[in-house]
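Enquirer: Numbering (this note's numbering), first residue to last: 510 to 781. The beta carbon of each residue, even a glycine, is placed where N, CA and C say it ideally should be. My structure is below; once you've seen it, I'll send some questions.
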């Protein structure tokens, strides 16, 4: 019976540290918040040898350590990026368990692990945080190559983390060719598709949509495509010196610039 009692006591000690709640913002738009708090709430029956550690992405990249009653330390990626005076409570054994990141930047996107331990027990939890950057530029070109074929090109610039592009015509997703490149911490992506004009109704909505999965971010640009070209309007004699350019339904008033932009990107981007 004595050994059962000892085993019960040991089991209670082993369970003496438990993380009960971990609060990490899942997605933040860059530039919208000056400070971000990552909290790791825990209960413990024994504070002997209590240590709170935070890690970035894996256990080899420690970014924070607090051993009460000593002052906390910012390490590695978060060195000089934490408010080390921040406190989440008045309890001397929990008050500095949290990370208070100052001026969060996209490069801090990743998984954060909180580890709470004593001499006899340890518990840990991990949560992701994404600091995303929406697109700086977003352009779509819809070009009627001839009476049979339609060419659609979509370009997005300055996004983080990695985006996905999709083209839709009349609510139908298209199998497009895509390229992407990371430059100076931001992504540029190009996607394009050539389709047969006859496959679509007389008037069809064309969409190019960008999606950042880690941030659950979506945005679309829209144009209307007319399968049958509208007739050229008659020129009034009094306005004979003014040439009217018909809208062919392809939105190409500034297409020369966009095509040059796409050609430059395609020449630089590595196909993935």
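1. Specify, as a first and last residue, the run of the beta strand (DSSP E) that residue 671 falls within.
2. Give the secondary structure of residue 722 by DSSP, where H, G and I count as helix, E and B as strand, and everything else as coil.
3. Assuming contact is defined by CB atoms lying nearer than 9 Å, are residue 627 and residue 556 in contact in what I supplied?
4. Could you pull out every residue in the same chain whose Cβ sits closer than 6 Å to the Cβ of residue 683, ignoring the five residues on either side in sequence?
5. Going by the beta-carbon positions, is the gap between residue 731 and residue 713 smaller than 9 Å?
6. Let me confirm a value: residue 733 is counted as buried when at least 16 other C-beta atoms fall within 10 Å, else exposed. Which label applies?
7. For residue 537, report the span of its beta strand (DSSP E) as first-last.
8. Should residue 715 and residue 661 be called a contact, given that it needs their Cβ atoms to be closer than 9 Å?
9. Give me the residue from 693, 540, 710 and 531 with the minimum Cα distance to residue 667.
10. With the cut-off set at 9 Å, would you say residue 647 and residue 728 are in Cβ contact?
11. Going by Cα to Cα distance, which pick from 655, 544 and 550 is closest to residue 532?
12. Using a Cβ-Cβ cutoff of less than 8 Å, which residues in the same chain neighbour residue 529 once the five nearest sequence positions on both sides are dropped?
13. Taking Cβ positions only, does residue 579 come closer than 9 Å to chain C?
14. Grouping DSSP H, G and I as helix and E and B as strand, with all else coil, what is residue 558?
15. Around the Cβ of residue 581, are there at least 16 other Cβ atoms within 10 angstroms (buried) or fewer (exposed)?
16. Could you give the distance in angstroms between the alpha-carbon of residue 526 and the alpha-carbon of residue 690?
17. So what does DSSP say about residue 637, is it helix, strand or coil?
18. Which one or two residues does DSSP pair with residue 573 in a beta bridge?
19. Just the C-alpha distance for residue 679 and residue 709, rounded to the nearest angstrom, thanks.
Expert: For this structure:
1. Here the question's residue 671 lines up with position 162 in the chain shown. No beta strand (DSSP E) holds residue 671; DSSP gives it neither H nor E.
2. For the purposes of this step, residue 722 is taken as the residue at position 213 of the chain shown. Here residue 722 sits in helix by DSSP.
3. As a working note, residue 627 is residue 118 in the chain shown. As a working note, residue 556 is residue 47 in the chain shown. Yes, the Cβ-Cβ distance between residue 627 and residue 556 is below 9 Å.
4. In the chain shown, counting from the first residue as 1, residue 683 sits at position 174. Cβ within range, chain order: 676 and 702.
5. Working through the chain shown from its first residue, we reach residue 731 at position 222. Working through the chain shown from its first residue, we reach residue 713 at position 204. No.
6. Residue mapping note: residue 733 aligns to position 224 of the chain shown, counting from 1. By the 10 Å Cβ count, residue 733 comes out exposed.
7. As a first step, residue 537 is located in the chain shown; it is residue number 28 there, counting from the start. Here the beta strand (DSSP E) through residue 537 covers 536-538.
8. One-based indexing of the chain shown puts residue 715 at position 206. One-based indexing of the chain shown puts residue 661 at position 152. Their beta carbons are under 9 Å apart, which means residue 715 touches residue 661 by this criterion.
9. Position 158 of the chain shown, counted from the start, is the residue given in the question as residue 667. Residue 667 has its Cα closest to that of 693, out of 693, 540, 710 and 531.
10. Stepping through the chain shown from its first residue, residue 647 is reached at position 138. Stepping through the chain shown from its first residue, residue 728 is reached at position 219. Yes, the Cβ-Cβ distance between residue 647 and residue 728 is below 9 Å.
11. As a first step, residue 532 must be located in the chain shown, where it is residue number 23. It is 550.
12. If you number the chain shown from 1, residue 529 lands on position 20. Excluding positions up to five away in sequence, the list reads 550, 551 and 552.
13. Although the question refers to chain C, the structure presented lacks it and comprises just one protein chain.
14. Residue mapping note: residue 558 aligns to position 49 of the chain shown, counting from 1. Three-state result, residue 558: coil.
15. By 1-based counting over the chain shown, the position of residue 581 is 72. That one is buried.
16. Indexing the chain shown from 1 puts residue 526 at position 17. Indexing the chain shown from 1 puts residue 690 at position 181. Spanning the two alpha carbons is a distance of roughly 45 Å.
17. As a position in the chain shown, residue 637 is number 128, starting the count at 1. It is a strand residue.
18. Your numbering for residue 573 matches position 64 in the chain shown. Per DSSP, 563 and 583.
19. Looking up residue 679 in the chain shown gives position 170. Looking up residue 709 in the chain shown gives position 200. Distance between the alpha carbons of residue 679 and residue 709 is about 7 Å.
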